[in-house]
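Letter by letter, the sequence shown follows residues 11 to 100 of this note's numbering.
Glycine residues also receive a C-beta, built at the ideal position from the N, C-alpha and C atoms.
Inspection log for the structure reproduced underneath, given as structure tokens.
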Amino acid sequence: MDPLDLLTTRRSNKSLRAPAPDELQLDSILQAASQVPDHGNLTPWRFVVIQSDEGKQRFQAALRETAITLNMGEKTLEKAEKVGNFAPLV
11 MDPLDLLTTR RSNKSLRAPA PDELQLDSIL QAASQVPDHG NLTPWRFVVI
61 QSDEGKQRFQ AALRETAITL NMGEKTLEKA EKVGNFAPLV
């Protein structure tokens, strides 16, 4: 597939469900992500992988707290409360 076609036909999928990528697939995904152009010169990156229910709940709580602290509005707060409930891996 042509790289331009790949970029122009990419869509976000909100219906992520099990199974999550296995360890080898995840390693490949993170390897590819670390090789993308960095025009803002923001390296080094740090990737955080959250798989456990406890980890997703902690992440969700942190997002919720940030939305409240920064007074980001009800819509953002509702989104923060749903994060982690929809995907097997964050």
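Residue i versus residue j - alpha carbon distance
i   : j    : result
A42 : N51  : 17 Å
A97 : L26  : 5 Å
A28 : Q61  : 11 Å
A30 : V46  : 23 Å
V93 : E84  : 15 Å
D12 : L40  : 22 Å
A71 : D15  : 38 Å
F57 : V100 : 10 Å
S44 : L17  : 17 Å
N95 : H49  : 33 Å
W55 : L36  : 16 Å
T86 : V59  : 22 Å
Coil, strand or helix - residue i by DSSP
i   : result
S38 : helix
F96 : coil
F69 : helix
A30 : coil
R21 : coil
I60 : coil
heavy atom of the ligand MN below 8 Å from residue i C-beta
i   : result
S25 : No copy of the ligand MN occurs in the structure displayed, which carries no ligand at all.
Selected residue, minimal CA-CA separation from residue i, among the options
i   : options           : result
E91 : R74, V100 and L99 : R74
Next item on the list: Count the CB pairs spanning the region 80–87 and the region 55–70 that are closer than 8 Å, and state whether there are at least three.
Entry: no
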